[in-house]
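Visitor: Have a look at this one.
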Amino acid sequence: WRPKSGSGITIRADWKPDTPDQVMIFFDCKTDLIDRTRALLSPDLKTEGNRAIILPLDQALPEHAIKTALGWALTYHRDRKSAAAKSS
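Numbering (the working numbering), first residue to last: 33 to 120.
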């Protein structure tokens with residue numbers, strides 16, 4: 033998923049037969065979204081580097097962390113432009 037407006041980055045979700053007990057949400061690995069989500073919202077969040085949040089299917093979904101990370105991703109470029117304009 034990616035906003036047509038260009039305000040955010042691409043988000044992708046995937047499930048694979050070789051890891052049937054988890055779903056992964058992928059983000060652009062050049063962003064700080066994974067680190068920011070882990071640091072501010074959920075230190076125990078399972079991740080794969082800076083590119084994915086791993087969601088084990090047998091555990092409760094960290095809804096707040098996921099919703100926030102998705103919101104940040106969908107507005108990533110807009111938020112960066114806004115922050116840059118404020119600091120100028």
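All C-beta atoms in this analysis are idealised placements derived from N, C-alpha and C, irrespective of residue type, glycine included.
Closest to L89 by CA distance: which of R44, D53, L102 is it?
Guide: It is D53 whose Cα lies nearest to the Cα of L89.
Visitor: Is it right to say W104 is buried, meaning 16 or more other beta carbons lie within 10 angstroms of its own, or is it exposed?
Guide: Under this definition W104 is a buried residue.
Visitor: How would you write the range of the beta strand (DSSP E) that K48 sits in, first residue to last?
Guide: 44-48 is the span of the beta strand (DSSP E), which, as asked, contains K48.
Visitor: What separation, rounded to the nearest whole angstrom, lies between the Cα atoms of F59 and S37?
Guide: One C-alpha to the other measures close to 18 Å.
Visitor: Which word fits T42, buried or exposed, when buried means at least 16 other C-beta atoms lie within 10 angstroms of its C-beta?
Guide: So T42 ends up on the exposed side.
Visitor: With DSSP run on the structure shown, which of helix, strand or coil describes D67?
Guide: In this structure, D67 counts as helix in the three-state DSSP scheme.
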